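Contents: one structure, followed by commentary.
Number of protein chains: 2
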Amino acid sequence: MAKVLITSGPTREYLDPVRYLSNASSGRMGSALAEAFLAAGHEVRIVSGPVEIAYPPGCRVRFVTTTEEMLHAAIELFADCDGVIGAAAPCDFRPAARASDKIVKTGDDLYLRLVETPDILAALAAAKQGRWIVGFALETRDGPVRAMQKLQRKQCDLIILNHPPAIHSDRTEITAFTPDGAVLGTFIGSKTDAARAIYGWVERRLLH
Amino acid sequence: MAKVLITSGPTREYLDPVRYLSNASSGRMGSALAEAFLAAGHEVRIVSGPVEIAYPPGCRVRFVTTTEEMLHAAIELFADCDGVIGAAAPCDFRPAARASDKIVKTGDDLYLRLVETPDILAALAAAKQGRWIVGFALETRDGPVRAMQKLQRKQCDLIILNHPPAIHSDRTEITAFTPDGAVLGTFIGSKTDAARAIYGWVERRLLH
Numbered sequence: 017m018a019k020v021l022i023t024s025g026p027t028r029e030y031l032d033p034v035r036y037l038s039n040a041s042s043g044r045m046g047s048a049l050a051e052a053f054l055a056a057g058h059e060v061r062i063v064s065g066p067v068e069i070a071y072p073p074g075c076r077v078r079f080v081t082t083t084e085e086m087l088h089a090a091i092e093l094f095a096d097c098d099g100v101i102g103a104a105a106p107c108d109f110r111p112a113a114r115a116s117d118k119i120v121k122t123g124d125d126l127y128l129r130l131v132e133t134p135d136i137l138a139a140l141a142a143a144k145q146g147r148w149i150v151g152f153a154l155e156t157r158d159g160p161v162r163a164m165q166k167l168q169r170k171q172c173d174l175i176i177l178n179h180p181p182a183i184h185s186d187r188t189e190i191t192a193f194t195p196d197g198a199v200l201g202t203f204i205g206s207k208t209d210a211a212r213a214i215y216g217w218v219e220r221r222l223l224h
Numbered sequence: 017m018a019k020v021l022i023t024s025g026p027t028r029e030y031l032d033p034v035r036y037l038s039n040a041s042s043g044r045m046g047s048a049l050a051e052a053f054l055a056a057g058h059e060v061r062i063v064s065g066p067v068e069i070a071y072p073p074g075c076r077v078r079f080v081t082t083t084e085e086m087l088h089a090a091i092e093l094f095a096d097c098d099g100v101i102g103a104a105a106p107c108d109f110r111p112a113a114r115a116s117d118k119i120v121k122t123g124d125d126l127y128l129r130l131v132e133t134p135d136i137l138a139a140l141a142a143a144k145q146g147r148w149i150v151g152f153a154l155e156t157r158d159g160p161v162r163a164m165q166k167l168q169r170k171q172c173d174l175i176i177l178n179h180p181p182a183i184h185s186d187r188t189e190i191t192a193f194t195p196d197g198a199v200l201g202t203f204i205g206s207k208t209d210a211a212r213a214i215y216g217w218v219e220r221r222l223l224h
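Which chain is which? The protein sequence lines are P and B, in order. Okay, so the first sequence: first residue is 17 according to my numbering, each after it adds one. Okay, so the second sequence: first residue is 17 according to my numbering, each after it adds one.
Laid out in structure tokens, this is it:
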């Protein structure tokens, strides 16, 4: 049986104590993946950003807020796992500074400098060794090309291309690509069923 | 019996199709207020940003995403109500532009120009006539002073000062101020009980 790490949900990058940058990732795909792996008898660890859903009993969850925190937790837990599925949608940018008090309205525009956050899967890839990595790509254009670039950059063994309406919805449309650029499968349906499809692809290609 | 409009939850201001500015408002206070007013036999309309909670059956809810959308829905519904409780935490700033495709990482910093969004309660105040307005103030410093400034700017008949840890939590600490600057009451406890306390204050001062 395998030990699988799943990153899940969004992260938040605060500009002041109240306001943040984020996205509508709900954690539902991460949760559905956890269920699919648990149902097949595998062990599941989750690193999750702030979500309102409950993860299935039987998996251990560590909650984080920022991308930096998700990175550290993921690196620590990956060391003890056989593979990782990057189902989280971590913020790629964070405000360069975080104000200690709530920014007040003055009538003037506000200029916010955003810096890039660390790339979690790329960091895990650097410590990959014999482990496998499944990435997700959410692209609004040039999906297959960008998904393959992501796969290469993050040394993924499989990448799941996700269509934008999927975020924060219960339905999803996905395509799985292997490192040689072949389509391993496609699926349209509920996140629960999509997670089972992904489990099937991972089981076939990566678990032994 | 009164007809009450409650604004609730956060709003989102997108910089591209996936990323947005927001805050951790969960809609729980708006929902608890709706319950308190419904329990006392009043009619409740809600304008809510994106939330994961369910509002109580018996109130009509209109969902919106941005502050601008919340403003338009609130103005429309306020015309037919006796008063409004501004329990929402609308984004005060929005990106000046929204990219039509997901912004890609280039290794460079990103400069985001933010402009102020319209002030919903101030806009309702302009059409106030005989109606009452209850505002919320979430401040990280100078709470009472800023709450009173807000009360005046938005012509509130009551303002509830909320302490920041309250956001996205089930416990809350609130103080109610009247237009003459007097403390009408304070409360520390669950949001459900705080909503009942607020209902009591509104009932005593504003309902007839």
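Every residue, glycine too, gets a C-beta built ideally from N, C-alpha and C. From a predicted model like this one, the values you see are computed outputs, not experimental measurements.
Proximal chain B residues relative to residue 166 of chain P, where beta-carbon distance stays under 7 Å: Result: empty, since nearest Cβ-Cβ is about 11 Å, beyond 7 Å.
Candidates B:173, B:128, B:148, of which the one nearest residue 98 of chain B by Cα: B:148
Simplified DSSP state of residue 154 of chain B, which is helix, strand or coil: Strand at residue 154 of chain B.
Cβ of residue 36 of chain P within 8 Å of any chain B Cβ: yes
Segments assigned alpha helix (DSSP H), at least 4 residues, entirely inside the segment 65 to 144 of chain P: 83 to 94, 136 to 142
Cβ neighbours of residue 155 of chain P in the same chain (closer than 6 Å, five flanking residues each side left out): In its chain, beyond the 5 residues on either side, 162 have a beta carbon closer than 6 Å to the beta carbon of residue 155 of chain P.
Members of the segment 131 to 151 of chain P that neighbour chain B once the beta carbon cut-off is set at 7 Å: Within the segment 131 to 151 of chain P, the qualifying residues are 131, 132.
Classification of residue 73 of chain P by the beta-carbon crowding that lies within 10 angstroms, buried from 16 upward: For residue 73 of chain P, the number of other beta carbons within 10 angstroms of its own is below 16, and it is reported as exposed.
8 Å Cβ cut-off: residues of chain P touching residue 127 of chain B: 127, 128, 129, 130
Cβ-Cβ distance between residue 78 of chain P and residue 100 of chain P below 8 Å: no
Residues that residue 39 of chain B contacts on chain P, provided the C-beta gap is smaller than 9 Å: 34, 35, 36
Residue(s) in a DSSP beta bridge with residue 206 of chain P: P:187
Three-state secondary structure (DSSP) of residue 26 of chain B: strand
Selected residue, minimal CA-CA separation from residue 198 of chain B, among B:173, B:53, B:80: Each of B:173, B:53, B:80 was checked against the Cα of residue 198 of chain B, and the nearest Cα belongs to B:173.
Three-state class that DSSP yields for residue 61 of chain P in the structure shown: strand
Presumed contact (8 Å Cβ cut-off) between residue 178 of chain B and residue 203 of chain B, rounded CB distance: Contact doesn't hold; Cβ gap of about 11 Å is too wide.
Touch test, the segment 134 to 145 of chain P against the segment 109 to 118 of chain P, Cβ-Cβ under 8 Å, three pairs minimum: no
Proximity to residue 188 of chain B [Cα-Cα], best of B:195, B:207, B:194, B:175: B:207
Min CB distance residue 98 of chain P to chain B below 8 Å: no
Cβ neighbour criterion (16 or more within 10 Å) applied to residue 96 of chain P: exposed
Simplified DSSP assignment, three categories, for residue 192 of chain B: Note: residue 192 of chain B maps to strand in three-state DSSP.
Rounded Cβ spacing between residue 130 of chain B and residue 109 of chain B (contact assumed at less than 8 Å): Sure, about 4 Å apart at Cβ, within 8 Å.
Interface residues of the segment 100 to 114 of chain B facing chain C [CB-CB below 8 Å]: Note that chain C does not occur in the displayed structure, where the protein chains are P and B.
Residue 71 of chain P burial status per 10 Å Cβ neighbour count (16 or more: buried): buried
Beta-ladder partner(s) of residue 148 of chain P, from DSSP: P:99
Assigned exposure category for residue 33 of chain B - 16 Cβ within 10 Å defines buried: buried
For residue 35 of chain P, the nearest candidate out of P:51, P:67, P:81, P:118 (CA to CA): Relative to the Cα of residue 35 of chain P, the nearest Cα in the group P:51, P:67, P:81, P:118 belongs to P:118.
Same chain, Cβ closer than 7 Å to residue 139 of chain B, five either side skipped, listed in chain order: 87, 91
Among B:46, B:150, B:143, nearest to residue 194 of chain B - alpha-carbon criterion: B:150
CB contact flag (residue 281 of chain P, residue 103 of chain P, <8 Å): Nothing about residue 281 of chain P can be read from this structure; chain P reaches only from 17 to 224.
Reference residue 31 of chain P, options B:83, B:30, B:37, B:51, closest by Cα: B:37
Neighbour list for residue 157 of chain B in chain P, Cβ cutoff strictly below 7 Å: 117
Top-ranked residue by Cα proximity to residue 19 of chain B, from B:50, B:105, B:41: Comparing Cα positions, the closest option is B:50.
Test item: CB-CB of residue 175 of chain P and residue 166 of chain P under 8 Å: Yes, Cβ-Cβ distance for residue 175 of chain P and residue 166 of chain P is below 8 Å.
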